[in-house]
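Numbering (this note's numbering), first residue to last: 5 to 99.
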């Protein structure tokens, strides 16, 4: 009989071990934010580059931090892909 692991702590431990075995460093998001970078030119014309930030820390120690900066369009695509993946999981659970 197959059971789903719904305890997030147990799932984290299992996934983190698998991630380490694959040679990657498991990280977890700790904070999100938004930013704007103003680009100036000699003529005074500028453009604003808007972006989303995602601060993450390692799950091993919780101390080492990483910062991901995604332009708005990229962040939108990532968010859409995450929503699709979660919807697929929910759909499979309902079957």
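Note that beta-carbon positions come from the ideal geometry of N, C-alpha and C, so glycine has one too. From a predicted model like this one, the values you see are computed outputs, not experimental measurements.
Out of 45, 41, 59 and 49, the CA that lies nearest to the CA of residue 31 is found in 59. Rounded to whole angstroms, residue 27 and residue 46 show a C-alpha spacing of 46 Å.
By the Cβ test, the region 63-71 is not in contact with the region 38-52, since fewer than three Cβ pairs between them sit closer than 8 Å. Taking residue 39 as reference, the option from 86, 85, 83 and 75 with the minimal CA-CA separation is 75.
Taking every protein chain shown into account, the CB of residue 79 has 16 or more other CB atoms within 10 angstroms, so this residue is buried. Residue 56 sits close to residue 73, with the two beta carbons spaced by under 9 Å.
For a cut-off of 8 Å, the C-beta gap from residue 13 to residue 63 is around 11 Å, too long to register as a contact. Under the three-state reduction of DSSP output, residue 46 falls in the coil class, being neither helix nor strand.
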